[in-house]
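Residue numbers (the working numbering), protein chains in the order written: chain U, -12 to 284; chain H, 2 to 295.
Put into structure tokens, the structure is as follows:
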């Protein structure tokens, strides 16, 4: 391919398609643009007295990978801790190949990561179930950080409405997670070790980060864990839920009226739930601002 | 400061970029600062901490929006979702104008998240100007476009970068955010005289200026925004002020960010040049006035 001469594109769209493909092309094992890209680079980039067309392309090619890999590294410390840094690095490259960014904001860079990891279980290997739990958990934190909020329903409205008819919804920034592992404790241990700051969008070029090596955090043993990932006063929190409480919230989220949501959960629960306990749950959820009026479709 | 129709007739002074490591200092100490420039995309969210911080800061300070992903030069149409979110933010910050880059970065709906240089062709100028007009009509605020630093040039280019910038802003009838550091970086990477660039831009259209630091490598310079401003860039800034008059000025510092005070001190070095230019302009005016009287 080195000796090939490609036609020079003239139209803007053709140039941008060619350039974007070249910039998103994989780097080699030394983080360099492969020499096979030379004819492509020469077809649209001028060399100068110091750099060849390929070397000029390489500046953008490397920057693309360094920037996006850094974002995934910072935003998904949990998956990284489970599969290890080297596998995470390779997985991230495969992910960006399969699902290049289709959003103007880097916040959404990992939005297809759950889909990707489910499609390609080789990355999770024997820890696939834990990895899938973790990717949902880490995406739930993205949603909790800046997801939309609805108006909280007033306790007076709740008290004045027939519970057989009252339909509530949960805050859109809240995610209910039913996990096979206690990943809340695990991620907190991982984050305590990490000094990485969340990257901020800017127009500056970044140089590759130097990472500190950490002693790995011990992986958790299987233990069913039901969580609400939410925010309170704009801080992210994870709240563990008893199975019946989790069930009630799931039912409310699914659109069941309040009485039905509670009845179904209690019927499923092996232990009876005292009305006082049920009342306390609702009081806490209300104080946390989780309960909203269901919007008419 | 030249308040003009391209910067919403704003006379802001010297500002710095609002960055996460300084949030706490700004909110607790309320330091003096003429204005802050925000990266719009960091606040184009539905709710949560970013907007809480933004609201708290914009209660106390002037806030101007600067974008990094509008990609006026992409052949793709502008994203409706992007524009809607940006307009919601414009309403929130009441920014008198906004800026983004004269570049491209997405194609066929896929994003590179980089500020890629455009081929300097009449076709690209026409498409870019059309996008700027569409964005301004939708957002209902004046727009300034910023020259980017670049590391590559295209075979198909039909003009210099400054000719292209002038072509675009005239076609779009928009303003210029003149980044003198970017001019310097590109001039070193493409071997042109940066003063030719500064001398060629239309001074009437400049609504804001950027100053910043960069990193020098063996064969090229990278726009890293992680150092203080170097003397040759201050010289370009001074020349730009001579041509445009004292202008809204902002220091960018995005990596290895030092304390708020250090960043602000660096930005305030611009004052010396603004004072000198103002004095020179006043002397010239006085001289003209005297000559007219004689």
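Glycine is no exception: its CB is placed at the ideal position from the N, C-alpha and C atoms.
Since the model is a prediction, treat every value here as computed from it, not as a measurement.
Do we get a CB-CB distance below 8 Å when we pair residue i with the residues of chain H?
i                      : result
residue 203 of chain U : no
residue 11 of chain U  : yes
residue 92 of chain U  : yes
residue 31 of chain U  : yes
residue 48 of chain U  : no
residue 87 of chain U  : yes
residue 81 of chain U  : no
residue 17 of chain U  : no
residue 286 of chain U : For chain U, the structure presents residues -12 to 284; residue 286 of chain U sits outside this window and is missing.
residue 7 of chain U   : yes
residue 187 of chain U : The predicted model places residue 187 of chain U with a pLDDT of 39, which falls under 50 and marks its position as unreliable; any figure quoted below should be read in that light. So yes, residue 187 of chain U belongs to the interface.
residue 3 of chain U   : yes
residue 288 of chain U : This structure gives no information on residue 288 of chain U, because the portion of chain U shown stretches from -12 to 284.
residue 282 of chain U : no
Just reading off the beta strand (DSSP E) that residue i is part of, what are its end residues?
i                      : result
residue 104 of chain H : Counting along the chain, residue 104 of chain H falls outside any beta strand (DSSP E), and DSSP gives it neither H nor E.
residue 40 of chain H  : 36 to 40
residue 155 of chain U : 155 to 157
residue 212 of chain U : 212 to 219
residue 62 of chain H  : Premise fails: residue 62 of chain H is in no beta strand (DSSP E) and is neither H nor E.
Are the C-beta of residue i and some C-beta of chain U separated by less than 8 Å?
i                      : result
residue 76 of chain H  : yes
residue 112 of chain H : yes
residue 91 of chain H  : no
residue 53 of chain H  : yes
residue 297 of chain H : No answer is possible for residue 297 of chain H: it lies beyond the span of chain H, which begins at 2 and ends at 295.
residue 285 of chain H : no
residue 120 of chain H : yes
residue 115 of chain H : yes
residue 23 of chain H  : no
residue 290 of chain H : no
residue 125 of chain H : yes
residue 128 of chain H : yes
residue 83 of chain H  : yes
residue 70 of chain H  : yes
residue 221 of chain H : yes
Return the CA-CA distance between residue i and residue j, expressed in angstroms with no decimal places.
i                      : j                      : result
residue 62 of chain H  : residue 37 of chain H  : 7 Å
residue 274 of chain U : residue 219 of chain U : 10 Å
residue 98 of chain U  : residue 46 of chain H  : 15 Å
residue 261 of chain U : residue 238 of chain U : 19 Å
residue 248 of chain H : residue 12 of chain H  : 8 Å
residue 282 of chain U : residue 210 of chain U : 36 Å
residue 1 of chain H   : residue 68 of chain U  : No answer is possible for residue 1 of chain H: the residues shown for chain H start at 2 and end at 295.
residue 26 of chain U  : residue 183 of chain H : 29 Å
residue 202 of chain H : residue 104 of chain U : 51 Å
residue -6 of chain U  : residue 158 of chain H : 16 Å
residue 90 of chain H  : residue 74 of chain H  : 22 Å
residue 212 of chain U : residue 168 of chain U : 6 Å
residue -11 of chain U : residue 45 of chain U  : Low confidence applies to residue -11 of chain U: its pLDDT is 48, below 50, so where it sits in the model is not reliable enough to give any reading.
residue 239 of chain H : residue 260 of chain H : 26 Å
residue 41 of chain U  : residue 49 of chain U  : 12 Å
residue 20 of chain U  : residue 192 of chain H : 24 Å
residue 224 of chain H : residue 280 of chain H : 32 Å
residue 134 of chain H : residue 127 of chain H : 11 Å
residue 98 of chain H  : residue 140 of chain H : 10 Å
residue 2 of chain U   : residue 15 of chain H  : 38 Å
residue 243 of chain U : residue 83 of chain H  : 35 Å
residue 204 of chain U : residue 177 of chain U : 6 Å
Need the endpoints of the alpha helix (DSSP H) that residue i sits in, please.
i                      : result
residue 243 of chain U : No alpha helix (DSSP H) holds residue 243 of chain U; DSSP gives it neither H nor E.
residue 175 of chain U : 170 to 180
residue 8 of chain U   : -1 to 11
residue 166 of chain U : Premise fails: residue 166 of chain U lies in the beta strand (DSSP E), 162 to 166, not in any alpha helix (DSSP H).
residue 285 of chain H : 271 to 294
residue 45 of chain U  : 40 to 62
residue 280 of chain U : Not the alpha helix (DSSP H): residue 280 of chain U falls in the beta strand (DSSP E), residues 278 to 280.
Open item on the list: What are the residues in the stretch 130 to 162 of chain U lying within 9 Å of chain H by C-beta distance?
Closed with: Taking 9 Å as the upper bound on Cβ-Cβ separation, chain H lies near residues 131, 132, 133, 134, 135, 136, 159, 160 of the stretch 130 to 162 of chain U.
- [ ] Please go through the stretch 137 to 221 of chain H and give each complete beta strand (DSSP E) segment of 3 or more residues, from N-terminal end onward.
- [x] For the stretch 137 to 221 of chain H, whole beta strand (DSSP E) runs of length 3 or above, ordered along the chain, are 144 to 147, 176 to 180, 207 to 213.
Open item on the list: Taking beta-carbon pairs under 8 Å, can you tell me which members of the stretch 98 to 111 of chain H lie near chain U?
Closed with: Contact annotation: in the stretch 98 to 111 of chain H, residues whose CB is within less than 8 Å of a CB in chain U are 102, 105, 107, 108, 109, 110, 111.
TODO: Taking only beta carbons into account, state which residues of the stretch -11 to 0 of chain U come closer than 8 Å to chain H, listed in chain order.
DONE: If the cut-off is 8 Å between Cβ atoms, the stretch -11 to 0 of chain U has -5, -4, -3, -2, -1, 0 near chain H.
TODO: At 4 residues or longer, and completely inside the stretch 66 to 106 of chain H: list those alpha helix (DSSP H) runs for me, N to C.
DONE: Uninterrupted alpha helix (DSSP H) stretches at least 4 residues long and entirely within the stretch 66 to 106 of chain H occur at 81 to 94, given in chain order.
Open item on the list: By the 8 Å beta-carbon criterion, what residues does the stretch 27 to 48 of chain H contribute toward chain U?
Closed with: Result list: 40, 42, 43, 45, 46, 47, 48.
- [ ] Determine which residues of the stretch 132 to 157 of chain H have a Cβ less than 9 Å from any Cβ of chain U, and write them out in chain order.
- [x] Going along the stretch 132 to 157 of chain H in chain order, one finds 147, 149, 150, 152, 153, 154, 155, 156, 157 with a Cβ nearer than 9 Å to chain U.
Task: Entirely enclosed alpha helix (DSSP H) segments - the stretch 71 to 130 of chain U, minimum 4 residues - done: Counting only runs of 4 or more, we get 72 to 85, 100 to 106.
Task: Residues in the stretch 187 to 208 of chain H having any Cβ partner in chain U nearer than 9 Å - done: Of all residues in the stretch 187 to 208 of chain H, 190, 191, 192 have a Cβ within less than 9 Å of some Cβ in chain U.
Open item on the list: At a CB distance below 8 Å, what residues from the stretch 44 to 74 of chain U approach chain H? Give them in sequence order.
Closed with: For the stretch 44 to 74 of chain U, which is checked against every Cβ of chain H, the residues closer than 8 Å are 44, 46, 47, 50, 51, 54, 55.
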